[in-house]
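Student: Residue numbers (our numbering): 4 to 378.
Think of the CB as a built atom: it goes at the ideal place given N, C-alpha and C, for glycine as much as any other residue.
Just passing along the structure, written as structure tokens.
Following this line, the structure appears as structure tokens:
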């Protein structure tokens, strides 16, 4: 048996870990470790399933650059691998005329060469007769995707390229040895140990815990907060033709309670934003209290006055790993090497929230480039 079982071990089988594994498997032997019975059961499958155009993010940030690159890569991947998707377009609406925040988004789109169209109230009404707003931006490159089929295709592609993907496998710890990393796992058959050259932490909500188990001090990583977002489905006929987004919340805490349409034509509203006091993933709750319906209804009626409140029903909740609080400036993705001189490569990805799904393929490429030999 060789001293190294795999070149690279990826911890975490969400959409980011799968995208990384698929990219790295082109040139390396890869093991991906997922603790649950399916891939992407946490953050990756509990979101709006929107392909973002790249309008919202801090200039020159990873979120901006990886969203722009990832958007086009994702559309191409969907076409090549038969992933259900639709470039349905998004309307970002403003409740008043000449809104400076809408103008700023418009100018940003022009600067980044993102297709955009400005609509006055009359043009907006032609696009969306059930939406009440004074003006809007129309983003035709925004879309929707079946995230579950996308992750299935990523897993299939990674395995086609030779990657080994495991479920029911818990990462216990990793320590440096002569081969690189000795990784200790607990599988359905019991404890298992292996050696790899490079370790990648793509564990999402569990990224801090995994970092500690790799010997990284949390002082070397950004603070991580959990933010819960709930969604309500809407029964009856779909009242919209496009995605409907209010102006984003301050500091991009969230993108407002927006209306999305799934590939079956079903409308859902959400998410809201609620920062949680716990930082322990085991203590997270995905329940949706009944009183939340009235809060949602009030927000939705601001742009959809014909809302039938009784047609709102709790759908699901998700938890976003954020690197800033509501009162702080929006933080960027943390994707960085944490190995020191003469130690084996170690990468931590922390705070991969929206636009993580859109950016996933670009993140896979970015991580691959980070692992290129240092000069």
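1) How close, in whole Å, do the beta carbons of residue 139 and residue 94 come, if the pair is a contact with beta carbons under 8 Å?
2) Are residue 91 and residue 147 touching if we call contact CB-CB under 9 Å?
3) Could you please give the first and the last residue of the uninterrupted beta strand (DSSP E) stretch that includes residue 395?
4) Near residue 78, which residues of its chain fall below 8 Å by C-beta distance, leaving aside the five closest residues on each side in sequence?
5) Would residue 136 pass as a contact of residue 103 if the rule is Cβ separation under 9 Å?
6) Taking residue 158 and residue 21 to be in contact with their CB atoms under 8 Å, please state how far apart those CB atoms are, rounded to whole angstroms.
7) Does the region 228-245 come close enough to the region 27-43 that 3 or more CB-CB pairs lie under 8 Å?
8) Start and end of the alpha helix (DSSP H) containing residue 98?
9) Rounded to whole angstroms, what's the CA-CA distance from residue 207 to residue 11? Just pull it up for me.
10) Report the partner residues of residue 84 according to the DSSP bridge assignment.
11) So for residue 238, helix, strand or coil by DSSP?
12) Out of curiosity, what's the CA-to-CA distance linking residue 274 and residue 358?
13) Only counting the same chain, and skipping five residues up and downstream in sequence, which positions put a Cβ closer than 8 Å to that of residue 227?
14) Would you identify the three-state DSSP class for residue 351, choosing helix, strand or coil?
15) Using the Cβ count rule (16 or more neighbours within 10 Å means buried), how would you classify residue 50?
16) Quick check on residue 317: does DSSP put it in helix, strand or coil?
17) Rounding to the nearest angstrom, what Cα-Cα distance links residue 391 and residue 186 in this structure?
18) Taking residue 310 and residue 318 to be in contact with their CB atoms under 8 Å, please state how far apart those CB atoms are, rounded to whole angstroms.
19) With DSSP as the reference, label residue 222 as helix, strand or coil.
20) Checking 9 Å against the spacing of the C-beta atoms, do residue 190 and residue 34 come in under that value?
21) For residue 338 and residue 370, I'd like the C-alpha separation in whole angstroms.
22) What's the C-alpha gap between residue 240 and residue 121?
23) Measuring only the C-alpha atoms, how far is residue 287 from residue 46?
24) Does residue 189 come out as helix, strand or coil in the three-state DSSP assignment?
25) Apart from the five residues just before and just after residue 342, which ones in its own chain have a Cβ nearer than 7 Å to its Cβ?
26) Do you know whose CA, among 110, 160, 133, lies nearest residue 305's CA?
27) From residue 28 to residue 164, what distance separates their C-alpha atoms?
Tutor: In this structure, then:
1) Taking the first residue of the chain shown as position 1, residue 139 is located at position 136. Taking the first residue of the chain shown as position 1, residue 94 is located at position 91. Right, their Cβ atoms sit about 5 Å apart.
2) Translated into the one-based positions of the chain shown, residue 91 becomes position 88. Translated into the one-based positions of the chain shown, residue 147 becomes position 144. Yes. Within cutoff.
3) Because the chain here runs from 4 to 378, residue 395 falls outside it and cannot be looked at.
4) The sequence position of residue 78 within the chain shown is 75, counting from 1. If we look at residue 78 and ignore the five residues flanking it on each side, its Cβ neighbours are 54, 88, 90, 146.
5) Position 133 of the chain shown, counted from the first residue, corresponds to residue 136. Position 100 of the chain shown, counted from the first residue, corresponds to residue 103. Their beta carbons are not under 9 Å apart, which means residue 136 does not touch residue 103 by this criterion.
6) Here residue 158 corresponds to residue number 155 of the chain shown, with the count starting at 1. Here residue 21 corresponds to residue number 18 of the chain shown, with the count starting at 1. So it is a contact: roughly 6 Å between Cβ atoms.
7) no
8) Taking the first residue of the chain shown as 1, we reach residue 98 at position 95. From DSSP, residue 98 is part of no alpha helix (DSSP H); its letter is neither H nor E.
9) Here residue 207 corresponds to residue number 204 of the chain shown, with the count starting at 1. Here residue 11 corresponds to residue number 8 of the chain shown, with the count starting at 1. In a straight line, the C-alpha of residue 207 is about 18 Å away from that of residue 11.
10) Numbered from its first residue, the chain shown carries residue 84 at position 81. Paired residue(s): none; residue 84 is not in a bridge.
11) Residue mapping note: residue 238 aligns to position 235 of the chain shown, counting from 1. Residue 238: coil per DSSP, three-state reduction.
12) Along the chain shown, one-based indexing puts residue 274 at 271. Along the chain shown, one-based indexing puts residue 358 at 355. Straight-line Cα distance between these residues: approximately 14 Å.
13) Working through the chain shown from its first residue, we reach residue 227 at position 224. 210, 211, 282, 324, 325, 326, 353, 354, listed in sequence order.
14) As a working mapping, residue 351 is identified with position 348 in the chain shown. Note: residue 351 maps to strand in three-state DSSP.
15) Indexing the chain shown from 1 puts residue 50 at position 47. Burial call: buried.
16) For this step, residue 317 is matched to residue 314 along the chain shown. In this structure, residue 317 counts as strand in the three-state DSSP scheme.
17) Missing from the structure shown is residue 391; the chain here goes from 4 to 378 and no further.
18) Here residue 310 refers to the residue found at position 307 when the chain shown is read from its first residue. Here residue 318 refers to the residue found at position 315 when the chain shown is read from its first residue. Contact flag wrong, Cβ pair sits at about 16 Å.
19) Counted from its first residue, the chain shown places residue 222 at position 219. Residue 222 falls in the helix class under three-state DSSP.
20) For the purposes of this step, residue 190 is identified with residue 187 of the chain shown, where counting begins at 1. For the purposes of this step, residue 34 is identified with residue 31 of the chain shown, where counting begins at 1. No, the pair does not count as a contact, with Cβ atoms beyond the cut-off.
21) What you label residue 338 is simply residue 335 of the chain shown in a count that begins at 1. What you label residue 370 is simply residue 367 of the chain shown in a count that begins at 1. Each residue's Cα considered, the two are about 8 Å apart.
22) Residue mapping note: residue 240 aligns to position 237 of the chain shown, counting from 1. Residue mapping note: residue 121 aligns to position 118 of the chain shown, counting from 1. Straight-line Cα distance between these residues: approximately 27 Å.
23) Mapped onto the chain shown, residue 287 falls at position 284. Mapped onto the chain shown, residue 46 falls at position 43. Between residue 287 and residue 46, the C-alpha separation is close to 12 Å.
24) By 1-based counting over the chain shown, the position of residue 189 is 186. In the structure shown, residue 189 sits in a strand (DSSP, three-state: E or B).
25) The sequence position of residue 342 within the chain shown is 339, counting from 1. Around residue 342: 348, 349.
26) By 1-based counting over the chain shown, the position of residue 305 is 302. Answer by Cα proximity: 133.
27) One-based indexing of the chain shown puts residue 28 at position 25. One-based indexing of the chain shown puts residue 164 at position 161. Near 6 Å, if we compare the C-alpha coordinates of residue 164 and residue 28.
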